[in-house]
Each structure stands twice: as structure tokens, then as C-alpha cells.
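Number of protein chains: 2
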Amino acid sequence: MHLTHVQFRELAARHGLAVTHQRQVVYEAVIASHGHYSPEDVYAAVRRRIPSISLATVYNNLRLFIECGLLREVTPHASTLRVDGNLEPHHHLVCSRCKSVQDIEGEFIDFKRLSRHVPDGFDLTQPLVEVFGLCRRCRAKA
Amino acid sequence: MHLTHVQFRELAARHGLAVTHQRQVVYEAVIASHGHYSPEDVYAAVRRRIPSISLATVYNNLRLFIECGLLREVTPHASTLRVDGNLEPHHHLVCSRCKSVQDIEGEFIDFKRLSRHVPDGFDLTQPLVEVFGLCRRCRAKA
DNA sequence: GGTCGTTTTATAATCATTCTTATCCGATAA
DNA sequence: TTATCGGATAAGAATGATTATAAAACGACC
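Protein chains in written order, with this note's numbering: chain A, 9 to 150; chain B, 9 to 150.
Take a look at the structure:
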């Protein structure tokens with residue numbers, strides 16, 4: 009998928025971002041690649057069009073895009089390992105902003121429907137569910 | 009919470025782990041701390057009882073406990089940033105073993121029930137749900 | 001075209017985590 | 001109890017992802 013310069017300019021303006029060539033190419037690389045890509049993957053793709061680009065630029069722009077809502081982060085957790093000794097069935101409420109995790113009790117998944125959508129071979133033995141949103145503190149800030 | 013040496017020995021035997029003092033103290037530190045703790049947090053707690061313990065030992069044991077199911081990992085994602093350009097409502101199916109992410113469509117959350125359990129102030133504006141399990145490939149391996 | 005603030009580049013720095021190696025300890029058999 | 005062996009630990013180096021820094025380049029507005 010290629011956006012025209014004009015299209016990207018509009019998109020950027022709507023989100024308060026300056027327009028640069030690198031930025032456009034990074035954005036297009038993510039959109040073109042259906043899937044969940046790492047910064048390195050994006051970097052590799054972008055380098056085919058701008059060989060001189062630096063990895064830091066990719067990181068900078070991905071972060072910017074996430075911040076202004078153009079992209080979604082697939083790893084919204086704290087970036088470091090967390091461990092939970094509670095093996096009872098429970099679910100997690102995760103703040104997309106500050107990455108805090110709270111437990112929630114209760115069964116609120118329609119497993120019948122869910123299993124209809126789960127591809128063959130995927131084993132839902134531990135259907136731990138993580139629900140994302142904004143915690144009270146972060147909502148107050150925003 | 010303190011386990012007797014005998015209790016821990018049983019627990020370890022059931023999971024095929026050798027019994028060491030360090031191991032017991034690490035395990036107890038996680039269980040005693042209700043919440044979602046990082047290796048550094050656990051290290052700090054354990055050092056109060058075994059000042060000479062090394063951070064690597066904490067990491068080793070946490071990994072072991074997770075592998076044999078004594079603990080649950082709260083950050084089951086790939087450890088590196090992943091980015092998703094698909095802003096349409098969809099959910100994720102995450103493999104707890106290999107951390108791969110697949111999209112799934114469909115509405116299978118009972119929002120009425122869910123919202124009953126969500127604490128005041130938490131804003132479910134983006135109720136992206138991640139459902140964990142074992143993907144086909146990892147299930148075949150196990 | 002000139003100026004100013006932003007972006008990019010290149011590289012250094014940081015942080016979490018894992019690896020390496022030597023040493024130590026727990027479990028088993030004599 | 002002691003000898004032995006394999007796995008566990010300690011200490012620190014190494015790795016890999018990400019972020020910070022500083023200088024050069026660029027875009028936007030005049």
C-alpha cells in the first residue's frame with residue numbers, strides 16, 4: 009500500500025505530526041505488512057526504500073505513531089517480566105498507558121462464540137484474558 | 009506465607025525440581041507477595057532472607073517455576089515491541105509458549121458482566137482482549 | 001533564500017535478561 | 001558416614017532491545 013504524499017500529509021496533519029519522507033515510508037511499511045511486526049522487521053522493510061535510514065528513526069516514528077493513535081501496540085505490558093503466583097482462574101485488567109495490571113474475577117467470556125472463531129489446532133487450555141483500557145489515574149491525566 | 013521444608017519438597021518433587029534453600033525462598037517470596045512482581049522485586053524480597061543470593065538465581069528459578077506451571081507469566085508476549093496497523097476492532101490469540109499473535113474476529117465478551125467487575129474509574133475505551141493458549145505448532149511439540 | 005524548530009543520523013549508553021565458568025551442594029549408592 | 005555425580009549457585013561478562021545524546025540536515029514559514 010502506497011499513500012500519496014498528499015494523503016499522508018493529511019493523515020499527519022490530523023494527528024499533529026510533521027511530514028517527512030522517512031515518516032511516510034515507515035508508516036507505509038507497517039500498514040502494508042499485515043501482521044504484528046517488530047521494529048527490526050519494519051527497519052528491514054524500510055531499508056529497501058531508504059537504505060540510509062537509521063534504526064533509531066524507526067523506533068522514534070513507531071513510538072510517535074503509537075502515541076497519537078495511528079498504530080496500536082501489540083505488547084502493551086510492562087516490558088519486563090512479571091510473575092503471578094495466583095493460579096486460580098482470574099483475568100487481568102491492563103492499563104494501556106501505564107501498563108499496570110489488576111486482577112478481576114468473574115466469567116464474562118462467551119466460550120461458545122469464542123471457540124467458533126478460534127482456528128483449528130489452537131488449544132485454549134488456559135483462557136487467561138487480558139482486557140485493555142485506561143486506569144483511573146491515567147484517565148485523570150489525559 | 010512460609011512453607012515447611014517438607015511441603016516444599018513435595019511440591020518440587022511433584023514438578024520434577026530439585027530442592028534447594030534458594031529455590032524455596034524464591035518461591036515463597038512470589039507467593040507471599042500478592043500482585044504482579046518483577047524479577048527485581050523478587051530479588052529484593054529474597055535478599056532479606058539470603059543476602060548472598062544472585063539475581064541470576066532468581067531469574068533461573070522464576071523461569072523454572074513458570075516452565076513447570078508453578079507460576080504464571082503475566083507478560084506472555086514476545087519480549088520485543090510489536091506493532092499493529094489494524095485499527096479495526098479485533099482481538100488477539102496469543103500462544104503462551106512461542107508468543108505468536110494471531111488476530112481473531114468476533115464479539116465474544118459479555119460486556120454487561122465484564123463492566124460489573126471492572127473497578128470504578130477504569131475506562132474500557134479500547135477493550136482489546138488477548139486470549140492465551142497454545143498454538144497448533146507448540147501443542148504438537150508438547 | 002534565510003531562519004528556526006524539528007527530524008534524522010550515528011553512536012554511546014542503559015536496562016533487562018541470559019550466558020559462562022568455577023565452585024558448591026543435595027541426593028544417591030557404597 | 002563418605003564418595004561421587006549431576007544439577008544449582010555466584011559473580012560477572014555478554015547480549016539484545018531500546019533510549020539518549022549531540023551534531024548535521026531538513027521542512028515550514030516568512
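Glycine residues also receive a C-beta, built at the ideal position from the N, C-alpha and C atoms.
Assumed close pair residue i, residue j - CB separation to whole angstroms, cut-off 8 Å
i, j, result
"V109 of chain B", "D92 of chain A", "With 8 Å as the limit, V109 of chain B and D92 of chain A do not qualify as a contact, their Cβ atoms being about 20 Å apart."
"F119 of chain B", "C143 of chain A", "Contact flag wrong, Cβ pair sits at about 18 Å."
"L95 of chain B", "I112 of chain B", "Not quite, the Cβ-Cβ distance comes to about 16 Å (not below 8 Å), so this is no contact."
"L79 of chain B", "V38 of chain B", "6 Å"
"E138 of chain B", "E138 of chain A", "4 Å"
Nearest candidate by alpha-carbon position, reference residue i, set the options
i, options, result
"G114 of chain B", "A:A20, A:I39 and A:L122", "A:L122"
"R56 of chain B", "B:Q30, B:I74, B:L136 and B:E138", "B:Q30"
"R147 of chain A", "A:L132, A:L136 and A:R105", "A:R105"
"T133 of chain B", "B:R90, B:V54, B:A40 and B:P97", "B:P97"
"L63 of chain B", "B:F73, B:Y51, B:I74 and B:F116", "B:Y51"
"R90 of chain B", "A:L70, A:K107, A:L89 and A:C103", "A:L70"
"P84 of chain A", "A:R145, A:F140, A:A21 and A:L19", "A:F140"
"S87 of chain A", "B:A20, B:H42, B:E138 and B:P47", "B:P47"
"R145 of chain A", "A:Y67, A:V137, A:C103 and A:D128", "A:C103"
"R25 of chain A", "A:H99, A:L72, A:K107 and A:P135", "Reading the sequence as shown, one finds Leu at residue 25 of chain A and not Arg. Looking at the Cα atoms, A:L72 is the closest of the given residues."
"Q32 of chain A", "A:H99, A:I61, A:K107 and A:P135", "A:I61"
"L136 of chain A", "A:I117, A:Y67, A:P127 and A:V66", "A:I117"
"G43 of chain B", "A:H99, A:N68 and A:D128", "A:H99"
Between the CA atoms of residue j and residue i - distance to the nearest angstrom
i, j, result
"F125 of chain B", "R17 of chain A", "First, the residue type needs correcting, since residue 125 of chain B is His and not Phe in the sequence shown. Cα-Cα distance, rounded: 43 Å."
"H23 of chain B", "G77 of chain B", "8 Å"
"I58 of chain A", "L19 of chain A", "21 Å"
"H13 of chain A", "E36 of chain A", "11 Å"
"V54 of chain B", "V34 of chain B", "6 Å"
"A21 of chain B", "S41 of chain B", "23 Å"
"Y45 of chain A", "Q15 of chain A", "23 Å"
"V66 of chain B", "L11 of chain B", "18 Å"
"D128 of chain B", "K149 of chain A", "16 Å"
Beta bridge counterpart(s) of residue i as assigned by DSSP
i, result
"Y45 of chain B", "A:V91"
"H77 of chain B", "In the sequence under discussion, the amino acid at residue 77 of chain B is Gly, which differs from the His named in the question. DSSP, once it has assigned bridges, lists no residue as partnering G77 of chain B."
"V139 of chain A", "A:L101 and B:V137"
"D118 of chain A", "Answer by DSSP bridge pairing: none, since D118 of chain A is not bridged."
"V126 of chain A", "Beta-bridge pairing links V126 of chain A to no other residue."
"I112 of chain A", "A:H99"
Contacting positions in the region 108-121 of chain A - beta carbon closer than 9 Å to chain B: S108, V109, Q110, D111, I112, E113, G114, E115, F116, I117, D118, F119, K120 and R121
Of the residues that make up the region 80-104 of chain B, which ones have a beta carbon closer than 9 Å to any beta carbon in chain A? R80, E81, V82, T83, P84, H85, A86, S87, T88, L89, R90, V91, D92, G93, N94, L95, H99, H100, L101, V102, C103 and S104
Where the region 14-48 of chain A meets chain B: residues whose CB sits under 9 Å from a CB there: Y35, V38, I39, A40, S41, H42, G43, H44, Y45, S46, P47 and E48
Using a Cβ cut-off of 8 Å, which residues of the region 123-138 of chain A contact any Cβ in chain B, in chain order? Answer in chain order: R124, H125, V126, P127, D128, G129, F130, D131, L132, T133, Q134, P135, L136, V137 and E138.
Residues of the region 49-72 of chain B with Cβ closer than 8 Å to any Cβ of chain A, in chain order: From the region 49-72 of chain B, only V50 and L70 have a Cβ closer than 8 Å to chain A.
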